[in-house]
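Report on the structure given below.
There are 2 protein chains.
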Amino acid sequence: MERDGEWFTFKDSSLSPGDDYYLIIDGLELPDPRSNYQPEGVHGPSRIVDHGDFQWSDQAWEGFDLSTSVLYELHIGTCSPQGTFDGAIEKLPHLVDLGVGAIELMPVAEFPGKRGWGYDGVDIYAPHHHYGGPDGLKRLVDASHAIGLGVVLDVVYNHLGPDGNYLSKFAPYFTDRYLTPWGAAVNFDDSYSHEVRDFFIDNALMWLRDYHFDGLRIDAVHAIFDSSAVHFLEELQVQVAGLESEVGRRFFLIAESDLNDPRLIWPKERGGYGLSAQWSDDFHHSLHCVLTGERDGYYEDFGSVADLAASIREAYVYSGRFSNFRKRNHGRKTGIDDGGRFIVYLQNHDQVGNRANGERTSHLMSNERLKIGAAIVLLSPFVPMLFQGEEWGASTPFLYFTDHEDLELGEAVRRGRRQEFASFGWDPDEVPDPQDPATFERSKLDWDEPLQSPHFDLLEWYRSLIALRSKLPDLASHDLSSTKTFHSESGWIVIERGRVAIACNLSDRSIKLEIGSRSSVLLSSAPIEVYGTVIAMPSESVGILEVERAVSPGTKEVSSERLDG
Amino acid sequence: MERDGEWFTFKDSSLSPGDDYYLIIDGLELPDPRSNYQPEGVHGPSRIVDHGDFQWSDQAWEGFDLSTSVLYELHIGTCSPQGTFDGAIEKLPHLVDLGVGAIELMPVAEFPGKRGWGYDGVDIYAPHHHYGGPDGLKRLVDASHAIGLGVVLDVVYNHLGPDGNYLSKFAPYFTDRYLTPWGAAVNFDDSYSHEVRDFFIDNALMWLRDYHFDGLRIDAVHAIFDSSAVHFLEELQVQVAGLESEVGRRFFLIAESDLNDPRLIWPKERGGYGLSAQWSDDFHHSLHCVLTGERDGYYEDFGSVADLAASIREAYVYSGRFSNFRKRNHGRKTGIDDGGRFIVYLQNHDQVGNRANGERTSHLMSNERLKIGAAIVLLSPFVPMLFQGEEWGASTPFLYFTDHEDLELGEAVRRGRRQEFASFGWDPDEVPDPQDPATFERSKLDWDEPLQSPHFDLLEWYRSLIALRSKLPDLASHDLSSTKTFHSESGWIVIERGRVAIACNLSDRSIKLEIGSRSSVLLSSAPIEVYGTVIAMPSESVGILEVERAVSPGTKEVSSERLDG
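These protein sequence lines are chains R and F, in that order. Counted from 1, the first sequence has number 85 at position 85 by my numbering; the numbering is strictly sequential. Here my numbering = 1-based position in the second sequence + 565.
This is how it looks when you write it as structure tokens:
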């Protein structure tokens, strides 16, 4: 490398695509921070990749529309028996058949070892070598586009994993101005931050330009600390918009955020960062709590049907009020009437995998309740997202697994996991060991299941709901101002979306609801009877109704006597 | 105190106004964090104050208009021989005579010892007992209003001083999530932050409501770290607006910020915090560097006449470009055409007092250059602010002084100050000792000076400029879009504000400028001759001209030959 002031420039004309190299700093052989491929892992040499070499077949791909799609989150290592990009390709027809519009890949950047969720990635430009490297990833994106699926990638810009993270040897990529759950924060606003910002922005542009991704899901943006006048995420959005104009395709930036701060998605004119959408954990938590009755940890802030109703109308439940879990006021009104700016889900990798036993929603409740939950998510005014295998209630868990080659670190992770759950009353020995290969193997989907009962029945339910959503414009709409909810704390909720009403009976008794309109049943999880403006629902059931006129604000439960009279 | 859950309530009905008390925590006698008066200093007892007891005479006061006023920053301890609120009252007629619209008091909250700038305050509800306590402060505000002056108070919400700061004994007022230059940050967004925010918001409301202040200057808001969806400053502004409606008077919130981030003053509809104004250090630095030629420290980022011209048109010089001092990109376009949202100054307590010898601008340059600087500030499209004594070029310095009773801390401050300037090449023994009472005494204004030459001459110049500003609507305007600048790096600049042009010759030679319009001289620091559309200016001079039509974009220096021809 040649020194030019504070810079070292690397120009070795003898290197060609396919050649391996190290950068030598202070006598240490280190991988290139911008390595495109780490064929031997995070500590090995970097390999030169020429993105122009890949033969793309997706010239006709015009992009997908996030707001009209159902997303499907998947993890490359466990979504197919092979655990590779090519393995995932084989599963795409199933997703198209289900009605999914785009897949969202959990992080694929090179992380230590063979097994992991991907949030410990350190070579953020290099698709994991065990998944199939750059070419494998390009084949997956290309195949997805060929079959009509968009592809979103989960990227982690708030920290890098602890093992194989050599960035500090090169430049001030980190700052001690802020403290994150993972230690020193990435330097987004201190000296030399302009170069650090470019490091991540160029990464985003690479995935969109060179790998043909349609969008990025940005992990935990609340841990991206940036006091600059132009926040990193705003700058990222501006750069991505520039690439959009250049290539003539629409790109989506989706934020995961713990802040309930609509500034992320407000347009620039309103002082926002202009991102496409954000995940709504409030929606998940309020739905999860109503369905399961759980109240541990952050679930203590949720649990009422009123919270669920609020989350359906406003995406946030906490829009300024006091959170008992956080012990402070939380969030603000979104000021946004477009539900297409929020991603909702019955579960995602986090809520499943952060349980000691990696239980999916299907492990926690009856099939009847599952169907109600699925209907609320898939017919919501938001953008629904499924987690791999959810659609058939996969019996396999999604556990937390790692493969730290640094054995001390592996032991620390193992111990940390045990301690975490011990505080919830677990016997430490019963907490699955993240480092054990079996923990990973158990998390792989069993693709024989979707064809078997009762999985097949649930799969059909998901398929019908998605089909209904695409068929009826009232369900495809994201107009939050026209979404109304009627509920009772005794366990039912009616969600009105134009001329369609989703009536849910979450209680363990059959109920009759006076909804103030005549209706007919479009789809239901159990037989629903309609008597004039009254509907009779079995316990734990959901019915999707076409209503003749607006549901009455006076919607209420009626007794059998009154009905007969 | 009685315990109620996580709270202790203090209700001792035997206490009356004037009574002293301590709060006892873990056996320690501590002052009340919300103490209204600390008659024996930061470690002593708190005294009960009934704000209803004071006899106000300012019922007819309708508030002042920040945007049409000239501010005057003063420090209670040094602006009068007495160094008290009552002492300051005696100086108010001078300020009215000068044409000032409002005074801005450096922090008055109880700080350790008798002498200090005030930024080490710890009892933020208690006016300093050496200044005259609550009643003294009320007398000053009342007298100011009686004579037609508004009053703004400097408040410090980003940290508390190190000595006498007992807040952590009471509750989590601080957090280690963020690091500030003063250690742990105030807890604005972590658990229990809602109460911490209220602690500061109630304080702001108290000054405005119970002390009749017209506005607050909020110190170093870049050190207020808050990731909440609603930033502390936005919440503060909302609460202050509520009080405005309640009492029917206009309040101003003015931020000092190092961020060049217009979000502070953008309206809420644009995602801003809606503050009234912010200080513009860029304006100061660019003007200071052009006038003095200094380039040390943060001045390295400034120095060209083009920077000065930019700061006059846009308030920020750094609106996104790379700062060599900061080693990163800095700031963003303000998107604001109203110069009334920015406070500008030739100097303030910081730039004077942060020099080893506390030199004012008048110690650093000729009277001729001073006059040019004053004209640029006072006839700018922004809100001008003077620093006490500036108007007569006070010969007294404004040094950094402290009176830490904690002698170890005092020694640390002394040593820190010496080391800081040693790094700039100073002999440590020549750096004035902040703890020495003489350092404070030397900083007191000498009120005999304004009547003496050459001070009187400068005072007249300031008075004339302020009078001109109030007389001519073109100069009172804050329309940045109609403010134009023409300049040459060879040392002149013409600032056009409607039909008034401020022509400045900063060079050491006489020049002739072709400005493309006939003009007449309204005011000048030296004889200016007008020949048709050309003006002839002596070296280091400024002329305020009435122009017949717009100054030509082709404004340029012309040779004598051409003029004669």
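A virtual CB, placed ideally from N, CA and C, is assigned to each residue, including glycine.
C-alpha distance - residue i paired with residue j, whole-angstrom precision
| i | j | result |
| --- | --- | --- |
| S888 (chain F) | A143 (chain R) | 46 Å |
| H130 (chain R) | Y743 (chain F) | 38 Å |
| I24 (chain R) | E2 (chain R) | 12 Å |
| F584 (chain F) | V673 (chain F) | The residue asked about is misnamed: residue 584 (chain F) is Asp in this sequence, not Phe. Each residue's Cα considered, the two are about 22 Å apart. |
| L823 (chain F) | D846 (chain F) | As written in the sequence, residue 823 (chain F) is Asp, which differs from the Leu given in the question. Those two C-alpha atoms are separated by around 8 Å. |
| A711 (chain F) | D618 (chain F) | 19 Å |
| L657 (chain F) | Y684 (chain F) | 24 Å |
| W772 (chain F) | H616 (chain F) | 11 Å |
| S488 (chain R) | S793 (chain F) | 32 Å |
| G701 (chain F) | V665 (chain F) | 22 Å |
| F629 (chain F) | I901 (chain F) | 22 Å |
| F252 (chain R) | F342 (chain R) | 12 Å |
| L593 (chain F) | Y731 (chain F) | 11 Å |
Residue interval of the alpha helix (DSSP H) (run including residue i)
| i | result |
| --- | --- |
| E799 (chain F) | F797 to V812 |
| Y1027 (chain F) | H1020 to K1036 |
| C545 (chain F) | Outside the modelled stretch of chain F, which goes from 566 to 1130, sits residue 545 (chain F), for which no answer is possible. |
| A310 (chain R) | V305 to E314 |
| G353 (chain R) | H349 to G353 |
| W772 (chain F) | S758 to D775 |
| S168 (chain R) | L167 to F170 |
| T9 (chain R) | Note, T9 (chain R): premise wrong, no alpha helix (DSSP H); beta strand (DSSP E) at W7 to T9. |
Residue-level contact to chain F via CB, residue i, 8 Å cutoff
| i | result |
| --- | --- |
| S191 (chain R) | yes |
| G271 (chain R) | yes |
| G136 (chain R) | no |
| G121 (chain R) | no |
| F322 (chain R) | yes |
Other residues of its chain near residue i: CB distance less than 8 Å, five sequence neighbours each side excluded
| i | result |
| --- | --- |
| R893 (chain F) | F887 |
| G648 (chain F) | I641, G642, H695, Y696 and K1009 |
Same chain only: Cβ atoms within 6 Å of residue i, ignoring 5 sequence neighbours per side
| i | result |
| --- | --- |
| A356 (chain R) | F421, W426 and V431 |
| D307 (chain R) | S286 and V317 |
| L386 (chain R) | Y72 |
| G839 (chain F) | Q802, P832 and K833 |
| P677 (chain F) | V607, D728, G729, H969 and E970 |
| L856 (chain F) | M930, R934 and G938 |
| G654 (chain F) | In the sequence on display, residue 654 (chain F) carries Ile and not Gly. So the qualifying residues of the chain are L705 and A708. |
| Y37 (chain R) | R47, V49, A126, G133 and P134 |
Residue i: CB within 7 Å of a non-hydrogen atom of the ligand SAH
| i | result |
| --- | --- |
| G83 (chain R) | This structure lacks the ligand SAH; in fact it carries no ligand of any kind. |
is_contact[residue i, chain R] using C-beta, thresh 8 Å
| i | result |
| --- | --- |
| W572 (chain F) | no |
| G664 (chain F) | no |
| F848 (chain F) | no |
| H759 (chain F) | yes |
N-terminal and C-terminal residue of the beta strand (DSSP E) that residue i is part of
| i | result |
| --- | --- |
| W831 (chain F) | First-last for W831 (chain F): undefined, no H or E at that position. |
| R139 (chain R) | No beta strand (DSSP E) contains R139 (chain R), which is instead part of the alpha helix (DSSP H) from G133 to I147. |
| A691 (chain F) | D688 to P692 |
| R568 (chain F) | E567 to D569 |
| D176 (chain R) | F174 to T180 |
| D86 (chain R) | From DSSP, D86 (chain R) is part of no beta strand (DSSP E) but of the alpha helix (DSSP H) over F85 to I89. |
Contacts around residue i, its chain only, beta-carbon distance under 7 Å, and the 5 residues preceding and following it disregarded
| i | result |
| --- | --- |
| G565 (chain R) | Note that G565 (chain R) has pLDDT 39, beneath the 50 cutoff, so the model's placement of it is unreliable and the number below is only indicative. Answer for G565 (chain R): no residue qualifies. |
| I396 (chain R) | The sequence given here places Thr at residue 396 (chain R); Ile does not occur at that position. If we look at T396 (chain R) and ignore the five residues flanking it on each side, its Cβ neighbours are G389, R442, S443, K444, L445 and D446. |
The stretch 778–804 of chain F: positions lying closer than 8 Å to chain R by Cβ: Within the stretch 778–804 of chain F, contact with chain R at the beta-carbon level (separation under 8 Å) is assigned to H787, F790, S792, S793, A794 and V795.
Closer than 7 Å, Cβ to any Cβ of chain F: which residues of the stretch 254–268 of chain R, in chain order? Within the stretch 254–268 of chain R, the residues whose Cβ lies closer than 7 Å to some Cβ of chain F are L259, N260, D261, R263 and W266, listed in chain order.
Taking Cβ-Cβ distances below 8 Å as the criterion, which residues of the stretch 735–757 of chain F are in contact with chain R? Against chain R - using a Cβ distance shorter than 8 Å - the residues of the stretch 735–757 of chain F are D741, R742, Y743, L744, D754, D755, S756 and Y757.
Counting only Cβ-Cβ distances shorter than 8 Å, please list the residues of the stretch 327–360 of chain R near chain F, keeping chain order. Going along the stretch 327–360 of chain R in chain order, one finds K327, R328, N329, H330, G331 and R332 with a Cβ nearer than 8 Å to chain F.
For the stretch 713–726 of chain F, enumerate the residues whose C-beta is nearer than 7 Å to any C-beta of chain R, in chain order. Those residues of the stretch 713–726 of chain F that come within reach of chain R (Cβ to Cβ, closer than 7 Å) do not exist; the list is empty.
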